[in-house]
Ligand code: ADP
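Numbering (the working numbering), first residue to last: 11 to 456.
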């Protein structure tokens with residue numbers, strides 16, 4: 011096991027990783043920007059190092075500062091968390107060059123699965139269901155028109171290197187496809203430094219279902235079942251749950267096994283998530299693979315009893331997976347509500363500032379992942395998530411009722427949060443029936 015790990019992140023996930031390190035008997039070194047100098051969890055770290063100014067490019071995204079901090083603190087490994095540098099193969103490569111273990115996949119595996127075109131190729135090999143669409147990158151307009159005619163409209167143009175819901179264009183006919191293609195390519199080049207685009211069938215109504223997987227350095231992979239993350243606003247997940255409501259267990263088991271096969275095929279070590287869209291007939295189509303731990307990992311931890319963050323560290327240290335697929339059971343139901351400092355009454359405008367009142371819920375089956383304490387000032391420089399409220403219960407109904415109860419206990423002020431929206435959603439008929447789709451919340455808020 012590592013002696014000392016540097017946590018190249020901030021906020022709730024930095025604290026989550028710090029806790030995992032300490033439970034493993036590993037020292038945790040935190041880094042912080044000047045905007046985060048007062049973060050209370052820094053006091054729990056074995057060492058805390060300031061790496062620069064508030065803008066992420068001068069701190070959490072600055073590779074040379076992070077590597078300098080890692081060398082000063084003499085760490086064996088770096089955990090990137092999610093966001094920032096977590097999915098940058100070049101950062102994983104820099105760590106390797108500096109003989110620091112990157113807690114995540116190899117740059118090769120990350121490169122392969124992080125590129126959507128390449129990832130689809132591997133998925134096909136592993137017999138994972140993918141969207142009908144172009145075989146790889148689209149070079150010519152004529153080719154795009156031909157593929158679209160074959161799979162039928164609507165289609166969606168996507169960037170191979172795309173991320174964060176950016177650079178996608180839905181086309182309902184040949185004319186829009188022709189006119190969008192060139193722009194999409196230029197936009198992709200400007201935004202991601204890679205102009206490769208591809209097209210696939212566009213699903214009008216779908217649910218977002220994703221599979222948590224873990225692979226080790228000994229060629230084995232397992233899945234930890236699925237999560238439903240259909241409650242989204244602007245492609246941002248807001249509620250996640252496990253298991254997915256109403257999904258045929260035999261069908262999902264096959265999809266989950268495919269996801270594990272996919273990361274085994276890619277020689278992938280670490281935690282990953284294989285994302286799918288699911289249509290009305292419960293057909294699955296792979297969207298992409300996220301090559302890191304995700305915000306919503308706790309719901310899977312609660313139903314499986316497996317600590318995903320600890321596992322990511324143990325895997326990086328070379329341990330073999332300590333369980334077999336048949337040992338991994340999904341028990342009960344878990345739901346997560348992301349608590350964002352945003353005002354739902356003002357079009358989700360960010361609401362940074364000092365949190366005077368912060369009374370978090372407790373009691374049976376309630377978990378709160380947050381770095382916030384009363385008096386904490388939410389800096390305006392980073393994303394607005396201030397915590398995650400997660401509950402676990404025997405059934406989905408009980409989990410919803412438990413979440414509603416926990417939200418009632420949650421008192422925050424004077425900053426605004428999305429807690430009132432979550433309270434409304436816990437009473438929402440479509441959510442209670444589990445029939446929401448990825449556009450449901452936007453329709454509801456209109
Ligand atoms: P990103 O990496 O930018 O997040 P994804 O491929 O994961 O891109 O897609 C983001 C979102 O866009 C999905 O969650 C879904 O809402 C929508 N989307 C992407 N592809 C399709 C598709 N083929 N049909 C319908 N919606 C899609």
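Think of the CB as a built atom: it goes at the ideal place given N, C-alpha and C, for glycine as much as any other residue.
Model, not experiment: these values are computed from the prediction.
- The C-beta separation of residue 87 from residue 15 comes to about 5 Å, placing the pair in contact by the 8 Å criterion.
- Take residue 278, set aside five residues on each side of it, and the residues of its chain with a beta-carbon closer than 6 Å to its own are 115, 119 and 225, in chain order.
- The way I'd put it, the stretch 270–287 does touch the stretch 297–307; three or more beta-carbon pairs between them come closer than 8 Å.
- The alpha-carbon of residue 338 is positioned some 6 Å away from that of residue 314.
- Around the beta carbon of residue 359, fewer than 16 other beta carbons lie within 10 angstroms, which makes this residue exposed.
- A Cβ-Cβ separation of about 5 Å places residue 240 in contact with residue 446 under the 8 Å criterion.
- The C-alpha of residue 176 lies about 10 Å from the C-alpha of residue 194.
- Here the alpha carbon of residue 336 sits roughly 35 Å from the alpha carbon of residue 439.
- Looking at the DSSP output, residue 437 sits in no beta bridge, so it has no partner there.
- When secondary structure is reduced to three states using DSSP, residue 42 falls in the strand class.
- As computed with DSSP, residue 310 is found in no beta bridge at all.
- Under the three-state reduction of DSSP, residue 233 is assigned to strand.
- A heavy atom of the ligand ADP is found nearer than 7 Å to the CB of residue 168.
- Residue 285 has its CB nearer than 7 Å to a heavy atom of the ligand ADP.
- Beta-bridge analysis with DSSP links residue 387 to 364.
- Within the stretch 146–214, the complete beta strand (DSSP E) segments of 3 residues or longer fall at 165–169, 179–181 and 207–211, listed in chain order.
- For the 8 Å CB-CB criterion, residue 323 and residue 34 form a contact.
- With a cut-off of 8 Å on Cβ pairs, the stretch 343–360 is not in contact with the stretch 318–333, counting fewer than three such pairs.
- Here residue 73 is actually not in contact with residue 39; their C-beta atoms are around 16 Å apart, not less than 8 Å.
- Shortest Cα-Cα distance from residue 437 to any of 419, 414, 428 and 456 involves 414.
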